[in-house]
Amino acid sequence: MLNWIFTLLIYKLAYVSKSVATDLHRNITVTEGDVAILPCEAQDEQNKYQVVWMNPKKILIGKNQRRFIDDARISIEHTRIDYWNLHIRHIRYEDRGEYTCTVNTSPVQITRVNLMVYVPARILESASSKDINVQEGRDVTLWCNATGIPEPNITWFRINNHHGTYKERVGAIGDTLIIKNISRHCGGKYECMATNNVKAAVQHTIKVDVHFRPEVSLINLHQSQSLGKETILQCDVSASPFGVNIWRFGDREFDQPSGPNYRTDMYKDNHLKVTLSLRILNVSRGDFGNYTCEAQNKYGRSERTMILSEYTVPTFNPSPLRPSTTPKVLSYSETMKRTHPETVSQIKNDFEDTKIFDFSKLTEGLKEVDDSKNAGYTTRVTVQTLGTITMLWTLKSISPGLF
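Residue numbers -21 to -1, 1 to 382, in mature numbering (1 follows the signal peptide of the UniProt record, and there is no 0), belong to the letters of the sequence shown in order.
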């Protein structure tokens, strides 16, 4: 009751003395969680004045260094002679508003401090999208609900782990990301980042698993192996989620364990693809035939069939040699002259030195004739593989008595 009376007296004093009061205005901005210091200056070296602080709701906070309000975060600090500052620790957004410091000087001195509180960006996990599973081909909408003062901006990223971890910007700025006709290649982790430049940005991660029916592909459609040898049949299965993957031979299904002569193994290539292998340790005739690789999950099934046959060593029948009819033009150097008398021309220093031969007595061998005696023509001889001699005549000049 006494506090309210004191408050009314102070307001009455400020109202009556309004025409002569000194009214100061100040703006203070702080971040939520920090300490706000609201200044109030009063030159009172003898401590004869009364300093009163009031909150935005016009509730008396305290007089001088005495606090009336039941809030341990608040105190009036008189650290210097001329200052009666209001300290608010662990500031909250609800603390914003106009605070009034009144000093009963003559004239009355009033200091109005407008306190603005910034709130860092926060993402409301409960109001944002959780990890989801979606069937391939559907539309997907992701939400990210963030609060803060000022209002934060929300940016979307896709976390790519194919070649190291890096973020890929996707979509537009806003609290919603829409993916149309999603494919298996669009699955993975998505991240929304909210920031309002008050403090560090905050993130929220959403994992999107894209489900689709299995797809089987074969490495070989036909494979051969010899009896008693080892062979491996392989197929690739793409699916999400993975279901039942088996090799089938007739009515027999191969799964682990598959008997002493058969081994089945599965190798994970990536999160969407596995390789299913069937190892036959000792191939017998009963192992030859059609093998089917099957895969099935709740979205469908797929299968592909390959053939295993016996490998036989190929035999080659050599074909009879046929004589070649391609003529070979022979030329020789001085050192070859003795061993190739059937050759007519020799090459010297990049020009042809023609030698003339007399062919009148082939049974007695070739006899060399001097070039100066038969300057009217040049004779060249080519030898074929069948031994036939062909004479190529190059007429250089025709003399009247030649023909």
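For each residue, glycine too, the CB sits at the ideal point set by N, CA and C.
Here the structure is a predicted model, which means the values were calculated and not measured.
Legend entry - Close-in-space but distant-in-sequence residues of the same chain around residue -7 (CB under 8 Å, 5 per side omitted): Interpretation of residue -7 is limited by its pLDDT of 43, a score under 50 that renders its predicted location unreliable; the figure taken from the coordinates is listed afterwards. Same-chain partners within the cutoff: there are none.
Inset, instruction - State yes or no: is the C-beta of residue 9 within less than 9 Å of the C-beta of residue 100? - result: Residue 9 places its beta carbon 9 Å or farther from that of residue 100.
Legend entry - Same chain, Cβ closer than 6 Å to residue 184, five either side skipped, listed in chain order: Apart from the 5 residues on each side of it in sequence, residue 184 sits with its Cβ closer than 6 Å to the Cβ of 168, 170 in its chain, given in chain order.
Legend entry - Residues near residue 328 by beta carbon distance below 6 Å, same chain, minus five either side: For residue 328, the predicted structure reports a pLDDT of 44, less than 50, and the residue's modelled location is therefore unreliable. A value from the coordinates is still provided. Contacts found: none.
Inset, instruction - Locate the beta strand (DSSP E) running through residue 66, then write down its first and last residues. - result: It spans 64 to 67 - the beta strand (DSSP E) in which residue 66 sits, taken as one unbroken run.
Inset, instruction - Please determine if the stretch 127 to 134 and the stretch 204 to 214 are in contact, where contact requires at least 3 C-beta pairs separated by less than 8 Å. - result: By the Cβ test, the stretch 127 to 134 is not in contact with the stretch 204 to 214, since fewer than three Cβ pairs between them sit closer than 8 Å.
Legend entry - Proximity to residue 272 [Cα-Cα], best of 144, 92, 66, 226: Considering only 144, 92, 66, 226, the residue with the shortest C-alpha distance to residue 272 is 226.
Inset, instruction - Hey, could you find the ends of the beta strand (DSSP E) residue 233 is sitting in? - result: Start and end: 231 to 233.
Inset, instruction - Count the other CB atoms, across all protein chains shown, that sit within 10 Å of the CB of residue 75; report buried if there are 16 or more and exposed otherwise. - result: Per the 10 Å Cβ criterion, buried.
Legend entry - DSSP-derived helix/strand/coil call for residue 11: In the three-state reduction of the DSSP assignment, residue 11 falls in the coil class.
Legend entry - Given residue 41 as reference, the closest of 58, 79, 145 once Cα atoms are compared: Taking only the C-alpha atoms, the option nearest residue 41 is 79.
Legend entry - Coarse secondary structure for residue 4, derived from DSSP in three states: DSSP places residue 4 within a strand segment (E or B) once states are collapsed to three.
Inset, instruction - Measuring alpha carbon to alpha carbon, tell me which of 257, 49, 190, 55 ends up nearest residue 250. - result: The residue with the shortest Cα to Cα distance from residue 250 is 190.
Inset, instruction - Return yes when the Cβ of residue 146 is within less than 9 Å of the Cβ of residue 118, no when it is not. - result: Not closer than 9 Å, so no.
Inset, instruction - Give the single residue among 161, 172, 163 whose Cα lies nearest to the Cα of residue 148. - result: Closest in C-alpha terms to residue 148, from the list 161, 172, 163, comes 172.
Inset, instruction - Identify which residue in 60, 111, 218, 18 has its Cα closest to the Cα of residue 89. - result: Relative to residue 89, the option among 60, 111, 218, 18 whose CA is nearest is 18.
Inset, instruction - Please report how far the alpha carbon of residue 239 lies from the alpha carbon of residue 233, in whole angstroms. - result: Cα-Cα distance, rounded: 12 Å.
Legend entry - Ranges of the beta strand (DSSP E) found wholly within the stretch 140 to 174, counting only runs of at least 3: DSSP runs (the beta strand (DSSP E)) wholly in the stretch 140 to 174: 145 to 149, 155 to 158, 167 to 174.
Legend entry - For residue 121: DSSP bridge partner residues: Answer by DSSP bridge pairing, in chain order: 156.
Legend entry - According to DSSP, residues forming a beta bridge with residue 183: Residue 183 pairs with 171.
Legend entry - Close beta carbons around residue 200, own chain, < 6 Å, minus the five adjacent residues each side: The answer, listed in chain order, is 285.
Inset, instruction - Compare the beta carbon distance of residue 77 and residue 64 with 9 Å and say whether it is the shorter of the two. - result: No, they are not a contact pair.
Inset, instruction - In the DSSP assignment, find the beta strand (DSSP E) that holds residue 242 and state where it starts and stops. - result: Start and end: 241 to 249.
Inset, instruction - Kindly list the residues whose CB is nearer than 8 Å to the CB of residue 46, restricted to its own chain and excluding five residues on each side of it in sequence; keep chain order. - result: Sequence-distant partners of residue 46 (beyond 5 residues in either direction) whose C-beta falls short of 8 Å from its own C-beta, in its chain, are 40, 53, 54, 55.
Legend entry - Pair within 9 Å by beta-carbon distance, residue 188 and residue 110: Cβ atoms of residue 188 and residue 110: closer than 9 Å.
Inset, instruction - Report all residues from its chain with a CB closer than 8 Å to the CB of residue 270; omit the five preceding and five following residues, and keep chain order. - result: Around residue 270: 212, 226, 227, 228, 257, 284, 285, 286, 287.
Inset, instruction - Measure the CB-CB distance between residue 150 and residue 70 and report whether it falls below 9 Å. - result: No, the Cβ-Cβ distance between residue 150 and residue 70 is not below 9 Å.
Legend entry - Residue nearest to residue 134 in terms of C-alpha spacing, selected from 162, 140, 91, 181: Residue nearest to residue 134 within the set 162, 140, 91, 181 is 181 (criterion: CA-CA distance).
Inset, instruction - Please check the pair residue 193 and residue 275, which I expect to be a contact at CB under 8 Å, by giving their CB distance rounded to whole angstroms. - result: For residue 193 against residue 275, the beta-carbon gap comes to about 6 Å, under 8 Å, which counts as contact.
Legend entry - For residue 20, the three-state DSSP class (helix, strand or coil): Secondary structure at residue 20: strand, using DSSP grouped into helix, strand and coil.
Legend entry - Complete beta strand (DSSP E) runs within the stretch 32 to 104 (minimum length 3 residues, chain order): List check, beta strand (DSSP E) in window: 39 to 42, 53 to 56, 64 to 67, 76 to 82, 88 to 102.
Legend entry - residue 108, buried or exposed, once every other Cβ within 10 Å from all chains shown has been counted against 16: Under the 10 Å beta carbon count, residue 108 is surrounded by 16 or more other beta carbons and is classified as buried.
Legend entry - Simplified DSSP assignment, three categories, for residue 215: DSSP places residue 215 in strand when its eight states are reduced to three.
Legend entry - Cβ separation of residue 31 and residue 81, assumed to be a contact under 8 Å, to the nearest whole Å: Contact between residue 31 and residue 81 holds, since their C-beta atoms are separated by about 5 Å, short of 8 Å.
Legend entry - Separation of residue 263 from residue 116, as counted between CA atoms: In a straight line, the C-alpha of residue 116 is about 46 Å away from that of residue 263.
Inset, instruction - From the DSSP output, in three-state form, read off residue 222 for me. - result: Reduced to three states, the DSSP call for residue 222 is coil.
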